[in-house]
Amino acid sequence: MSLGMISGLGVCLFLALISTFVGNFQHIVGAPMIGLFLGAIIGNLKPAKGDFKKGTTYAAKKLLKFGIILAGATLNFNAIIHTGGNALPLIITNIFMSFLTALCVGKFLGVSINTRRLVGSGTAICGGTAIATVSPIINANDDEMAYALTSIFLFDVFAALAFPFIGQLLNLTPDQFGLLAGTAISDTSSVVAAGDTFSKLIGVASAAELPVIVKLTRTTFLVVVAIVFTLIVVNEKRKEAQLAMTSGDNSSENENNKSLGKIIIDVFPWFILGFLCMAILNTLGAFPESLSPFFKKGYKLLVTTALVGVGYKINIKDLFTKGVKPMILGGVTWLSVAIIAMAYVLIVF
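At position 201 of the sequence shown the residue is numbered 201 (our numbering), and the sequence of numbers has no breaks.
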């Protein structure tokens with residue numbers, strides 16, 4: 001690794017530490033999103049070039065995967081099954097609605113298929129982490145990733161600020177609010193903020209816990225979504241290969257001759273297996289409790305560093321011109337999920 005690459009990687013890490021420091025002063029906007037915008041601002045003021053740019057790209061691509069693997073160690077399936085099991089019907093319904101809305105409305109708006117998939121993933125599962133996980137599987141470009149992240153961020157902030165007061169106004173119980181916040185807010189930091197605010201408003205300290213558990217239950221579906229998109233991409237690649245063979249495109253001969261197994265190996269996000277293994281090990285008690293803070297802070301720092309690297313590739317002018325439709329899509333998708341969650345807690349639960 002050259003000195004320029006080390007410098008680029010080091011700057012991303014430094015900005016991630018600043019983002020983490022700023023994020024600790026409030027819990028509405030998480031450090032990863034702060035890092036994304038900080039990287040974008042600095043990257044537009046002084047664009048990355050040469051080996052320095054390679055360093056920021058390394059942060060965006062490689063550290064992101066390590067961060068997602070480490071995130072698995074923050075999950076405990078026992079706690080999720082015992083406490084978050086009641087939320088499963090609503091979680092599954094909202095996942096279906098997120099993708100249905102994102103794909104259909106996004107097509108109407110003329111948003112790219114990858115951006116639609118990312119907005120659906122982020123709204124359905126866990127915001128930035130889901131978007132970051134799905135992006136390499138579907139070969140989304142940096143702009144598509146940035147548009148999806150921004151659209152999720154805007155409505156997460158609104159939900160984190162508004163939901164506690166709406167919950168108090170509607171006299172929601174802690175369990176009802178836990179389901180609402182845990183299923184209709186994407187980013188973990190925003191869920192924590194909403195739960196904390198609501199618990200203080202109603203004077204019940206335990207009300208801050210359930211939203212986070214429900215949110216973690218949603219996060220486990222990240223593995224399912226990653227596998228589904230892998231199968232979708234594999235199928236698309238097979239169709240492309242067959243079409244190329246039919247049209248007599250000799251330039252794609254090597255691609256055409258790939259076996260199904262080879263295509264799956266090329267496409268499958270192997271870091272997801274690391275995520276799953278870490279979650280299983282944590283559930284089995286392989287990690288001492290003293291390591292829990294390390295895993296939580298470590299994965300957030302890695303993901304934040306990666307998103308700083310992504311930010312360096314964002315053109316802010318394009319974000320506020322070409323990114324308008326994805327933001328509208330993010331709002332409509334989030335609203336569909338929020339309405340279903342609200343109806344569920346008021347009528348069914």
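Positions of the beta carbon are idealized from the N, C-alpha and C atoms, including for glycine.
On a predicted model such as this, the values are computed, not experimentally measured, just so you know.
Residues in the same chain with beta-carbon distance under 6 Å from residue i, minus the five sequence neighbours each way, listed in chain order, please.
i    : result
L13  : T305
A132 : L64
V116 : For clarity, residue 116 is Arg in the given sequence; the question names Val instead. These residues qualify, in order along the chain: A102, L103, G106.
N114 : I138, A140, E144
E255 : For E255, the pLDDT reaches just 49, beneath the cut-off of 50, and the residue's location in the model is therefore unreliable, leaving the point undetermined.
CB-CB under 8 Å to residue i, same chain, minus the five flanking residues each way: which ones, in chain order?
i    : result
I316 : A40, I41, N44
I339 : none
T220 : L75, F77, I80, A279
G50  : G4
Q176 : G167, V345, L346, F349
L17  : L301
Which word fits residue i, buried or exposed, when buried means at least 16 other C-beta atoms lie within 10 angstroms of its C-beta?
i    : result
K107 : exposed
C126 : buried
D156 : buried
G330 : buried
I265 : exposed
G10  : exposed
P32  : buried
V303 : buried
F320 : exposed
G285 : exposed
L281 : exposed
D187 : buried
F153 : buried
V324 : exposed
T150 : buried
T246 : exposed
P356 : This structure cannot speak to residue 356, because the chain is shown only from 1 to 349.
Which class does residue i belong to by DSSP, given the choice of helix, strand or coil?
i    : result
L172 : coil
G120 : helix
Q242 : helix
K54  : helix
K317 : helix
K65  : helix
A140 : coil
L187 : Checking the sequence, you will find Asp at residue 187 rather than Leu. Here D187 sits in coil by DSSP.
A146 : helix
S112 : coil
I28  : coil
L88  : helix
N76  : coil
L13  : helix
Any heavy atom of the ligand FMN closer than 8 Å to the Cβ of residue i?
i    : result
L149 : By its list of ligands, the structure shown contains no ligand whatsoever, and the ligand FMN lies outside what it can speak to.
What does a CB cutoff of less than 7 Å around residue i pick up in its chain, not counting 5 residues either side in sequence?
i    : result
I69  : F271, G274, F275, M278
A160 : I28, I185, S190, A193, A194
Y312 : G39, G43, A48, T56
F52  : G4, S7, G8
G120 : S98, F99, A102, L103, T333
Y58  : M5, L9
K296 : T74
S135 : L118, M145
I328 : L109
Taking 9 Å as the CB-CB cut-off, is residue i touching chain C?
i    : result
G127 : Note that chain C does not occur in the displayed structure, where there is just one protein chain.
Open item on the list: Under 8 Å, with one C-beta from each stretch per pair, do the segment 190 to 205 and the segment 156 to 176 reach the 3-pair mark?
Closed with: yes
Open item on the list: Threshold first: 3 residues or longer. Then list the beta strand (DSSP E) segments lying entirely within the segment 286 to 310, N to C.
Closed with: none
Task: contact_flag[the segment 135 to 148, the segment 169 to 182] where n(CB pairs < 8 Å) is 3 or more - done: no
- [ ] Spell out a yes or no on whether the segment 229 to 238 and the segment 201 to 221 are touching, meaning 3 or more CB-CB pairs, one atom from each, closer than 8 Å.
- [x] no
- [ ] Could you tell me which uninterrupted alpha helix (DSSP H) segments, each at least 4 residues in length, are contained entirely in the segment 197 to 241, listed from first to last along the chain?
- [x] 210 to 219
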